[in-house]
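Residue numbers (my numbering), protein chains in the order written: chain A, 3 to 290; chain B, 11 to 252. Where is the CB? At the ideal position from N, CA and C, for every residue including glycine. Note that this is a predicted model, so its numbers are computed, not measured.
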Amino acid sequence: MNPLAVSEAEKRLIPSSGVRGPVPLLIGIMTFVIVVVAAAGLALANTASIVKSGAENRYSIQIADGAARAPAAIAAARTLPETARVEQVPPDDLRRTLERWLGPAAAEADLPLPVIIDVDLKPGADATAVTKRIERAVPGARFIAHRASLMPLLDALRGLTVLAFGLVILIALASAAAVVLTARASVDTHRSTIEVMHGIGATDEQVARLFLRQIAVDALLGGIAGAAIAGLILGVILGGASFAASLAGSPPLGWADAAVLAFMPLVIALLATLVARVALLRALRERL
Amino acid sequence: MAGSIVEFDRVGLRYGTGAEVLRDLDFRLSEGGFYFLTGPSGAGKTSLLKLLYLAQRPTRGRMSLFGDELSHAARETLPEYRRRIGVVFQDFRLIRHLSAFDNVALPLRIAGRGEADVEGPVREMLAWVGLADRASARPPTLSGGEQQRVAIARAVIARPELVIADEPTGNVDAAMAQRILHLLTAMNRLGTTVIVATHDLGLIAATPGAQLIRLENGVLVDPTGALKHPPGTPPRIIEARP
Numbered sequence: 003m004n005p006l007a008v009s010e011a012e013k014r015l016i017p018s019s020g021v022r023g024p025v026p027l028l029i030g031i032m033t034f035v036i037v038v039v040a041a042a043g044l045a046l047a048n049t050a051s052i053v054k055s056g057a058e059n060r061y062s063i064q065i066a067d068g069a070a071r072a073p074a075a076i077a078a079a080r081t082l083p084e085t086a087r088v089e090q091v092p093p094d095d096l097r098r099t100l101e102r103w104l105g106p107a108a109a110e111a112d113l114p115l116p117v118i119i120d121v122d123l124k125p126g127a128d129a130t131a132v133t134k135r136i137e138r139a140v141p142g143a144r145f146i147a148h149r150a151s152l153m154p155l156l157d158a159l160r161g162l163t164v165l166a167f168g169l170v171i172l173i174a175l176a177s178a179a180a181v182v183l184t185a186r187a188s189v190d191t192h193r194s195t196i197e198v199m200h201g202i203g204a205t206d207e208q209v210a211r212l213f214l215r216q217i218a219v220d221a222l223l224g225g226i227a228g229a230a231i232a233g234l235i236l237g238v239i240l241g242g243a244s245f246a247a248s249l250a251g252s253p254p255l256g257w258a259d260a261a262v263l264a265f266m267p268l269v270i271a272l273l274a275t276l277v278a279r280v281a282l283l284r285a286l287r288e289r290l
Numbered sequence: 011m012a013g014s015i016v017e018f019d020r021v022g023l024r025y026g027t028g029a030e031v032l033r034d035l036d037f038r039l040s041e042g043g044f045y046f047l048t049g050p051s052g053a054g055k056t057s058l059l060k061l062l063y064l065a066q067r068p069t070r071g072r073m074s075l076f077g078d079e080l081s082h083a084a085r086e087t088l089p090e091y092r093r094r095i096g097v098v099f100q101d102f103r104l105i106r107h108l109s110a111f112d113n114v115a116l117p118l119r120i121a122g123r124g125e126a127d128v129e130g131p132v133r134e135m136l137a138w139v140g141l142a143d144r145a146s147a148r149p150p151t152l153s154g155g156e157q158q159r160v161a162i163a164r165a166v167i168a169r170p171e172l173v174i175a176d177e178p179t180g181n182v183d184a185a186m187a188q189r190i191l192h193l194l195t196a197m198n199r200l201g202t203t204v205i206v207a208t209h210d211l212g213l214i215a216a217t218p219g220a221q222l223i224r225l226e227n228g229v230l231v232d233p234t235g236a237l238k239h240p241p242g243t244p245p246r247i248i249e250a251r252p
């Protein structure tokens, strides 16, 4: 039997107050927060993934004060079968970068600049073997994995992602607790009707069904409203972040993420209904 | 001899940690019998009725209904037994926001009857208790007597095997009291066991062959049936257990 199927006569037993009361508002607010926090979590996870994949096979050969040895290093790197791309970072780019810290002094000709050569390895290449060969061919050169320097950033992004999803779970638990309280309050409010129904031979399932449909409808409508407002705000924020997205080469949220977020109200309504059902049956079992 | 529909074996009942309100109740009621439950206020009549319509479990002893031992029956099994019992509460316990029609229809709907099988019997029952034109009225707009008649209609609509009525004529005039008694005796003749808690001696006098259960201070008085009513009728007794 469908636990949400209620006849017109059964609907009259527990008069509906329409879409009012705490459940739609509560679920609406909770859904809004969940969608925003989940969107942030997904964006962080995507960003971490982009950063990680960008740095996955990228290395630098660094030769301190070794402009003369740069051609040999580039030639040695290009002869290796593991390398996909070998490109020296132009000295002007290095000076522009140093300008942030040194100011105009970065443009002085006698400023010793290291040679930086960007190297992309082919997927699956043995980075240790490449390191040994580069260092053998150009003594004093350092072969540095970008991944190592980005590790603190990746760790922070991962931590924030876990925090975001942890918050989603906490908010969901808080919502569940609120639904439990609402369900129990409903049972208390309609105590006399329930006593009469039990006395006449109604089962707990029959009684619970009267409340469940209303809670499901309230949760779904509240969830849709909360998700719609969250969607609007996220749309404005992501629209403003389009510049950042174009720099990153990928939007912070993809279509799959949007689909996950769009399903949130349905999932939340379903969970609220399940939690309410358990709470109602427990509350009813406290009576004979 | 008819089988027992109710069987109490040294049943006791206490609320919480208080003193026992019913003590050592030991009797059988026969299927198809008509019983009056009497006794002074506070004697335990309502508590005994609660045990009978399964709103309470005994705190000791064994209680059987319809041949099944229910003192420790699983809670989930009780609705099935409750559907075989019709109860008229002293305070009516009508659902205030439902019409008289919906109140009377409730047992049929709970039992799973479709709307097509509800309309006719409910209209018929409302007509019988003289409330055909009040079908859509809600209890707060009905007089005490009208509410009592709705409560009686609700108790008997599903043709229960056992009808328990707590002061069913307390709020109606003499004519309606007669009609209610007539309904209960008619149901009794069709095989329904009827238990009526009442102080109304006239009601008892008007029901020849009915048997008395008398409670005093939570104890069944005269379990051998020496006290029977009305005087002169054959001594049908409430069977005391050996």
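Chain B has no Cβ within less than 8 Å of the Cβ of P24(A). Taking a contact to require three or more Cβ pairs closer than 8 Å, the stretch 105-123 of chain B and the stretch 60-76 of chain B do not qualify as touching. Taking the Cα of R93(B) as reference, the smallest distance to any Cα among D78(B), R85(B), G154(B) and L172(B) is reached at L172(B). Residue pairing by DSSP places E79(B) opposite S74(B) in a beta bridge.
For the stretch 205-216 of chain A, the residues whose beta carbon sits under 9 Å from a beta carbon of chain B are, in order, T205, D206 and Q208. Taking the C-beta atoms as reference points, V204(B) is found nearer than 8 Å to N198(B).
Per DSSP, R93(B) lies in no alpha helix (DSSP H) segment and is marked neither H nor E. Of the other Cβ atoms in all chains shown, 16 or more fall within 10 Å of the Cβ of F102(B); this residue is therefore buried. Where L46(A) is concerned, the enclosing alpha helix (DSSP H) starts and stops at P24 to A57.
Per DSSP, reduced to three states, the secondary structure at L230(B) is strand.
The C-beta of R279(A) comes no closer than 8 Å to any C-beta of chain B. At a cut-off of 8 Å between beta-carbon atoms, E171(B) makes no contact with chain A.
DSSP, read as helix, strand or coil, puts R133(B) in helix. In the three-state reduction of the DSSP assignment, T85(A) falls in the strand class, which pools E and B. From the beta-carbon of V97(B), the residues of chain A found nearer than 9 Å are G201 and I202. With 16 or more neighbouring CB atoms inside 10 Å of its own CB, Y63(B) falls in the buried class.
By the neighbour-count criterion, in which a residue is buried when 16 or more other Cβ atoms sit within 10 angstroms of its Cβ, R224(B) is buried.
Distance between R38(B) and E79(B), taken at the CA atoms: about 13 Å.
In the DSSP annotation of this structure, the continuous segment of the beta strand (DSSP E) that includes S14(B) starts and ends at S14 to R24. Look at L80(B): its C-beta is not under 8 Å from any C-beta on chain A. The shortest CA-to-CA distance from V269(A) to any of A218(A), V8(A) and A143(A) is the one to A218(A). A contact between stretches requires three or more CB pairs, one per stretch, nearer than 8 Å, and the stretch 57-74 of chain A fails this requirement with the stretch 164-179 of chain A. By the Cβ criterion, the stretch 118-129 of chain A is in contact with the stretch 84-91 of chain A, since at least three pairs of Cβ atoms, one from each stretch, lie closer than 8 Å.
Of all C-beta pairs linking the stretch 117-136 of chain B to the stretch 20-36 of chain A, fewer than three are shorter than 8 Å, placing the two stretches out of contact.
The three-state reading of DSSP puts R215(A) in helix, counting H, G and I together. Interface criterion not met: the Cβ of P267(A) is under 8 Å from no Cβ in chain B. T81(A) counts as exposed, since fewer than 16 other C-beta atoms from the protein chains shown sit within 10 angstroms of its C-beta. Counting of Cβ neighbours within 10 angstroms places N48(A) among the buried residues, the total reaching 16 or more. By the neighbour-count criterion, in which 16 or more other beta carbons inside 10 Å mark a residue as buried, M199(A) falls on the buried side.
Contact holds between the stretch 208-217 of chain B and the stretch 176-195 of chain B, because three or more Cβ pairs, one in each stretch, are under 8 Å apart. Going by C-alpha positions, E86(B) is about 10 Å away from G203(A). CA-to-CA, the gap between R160(A) and H148(A) works out to about 17 Å. Interface annotation, V198(A): in contact with chain B, CB-CB separation under 8 Å. Not flagged as an interface residue toward chain B: L283(A), since no C-beta distance is shorter than 8 Å. Here DSSP, grouped into helix, strand and coil, assigns D122(A) to strand. In the three-state DSSP reduction, D190(A) falls in the helix class (H, G or I).
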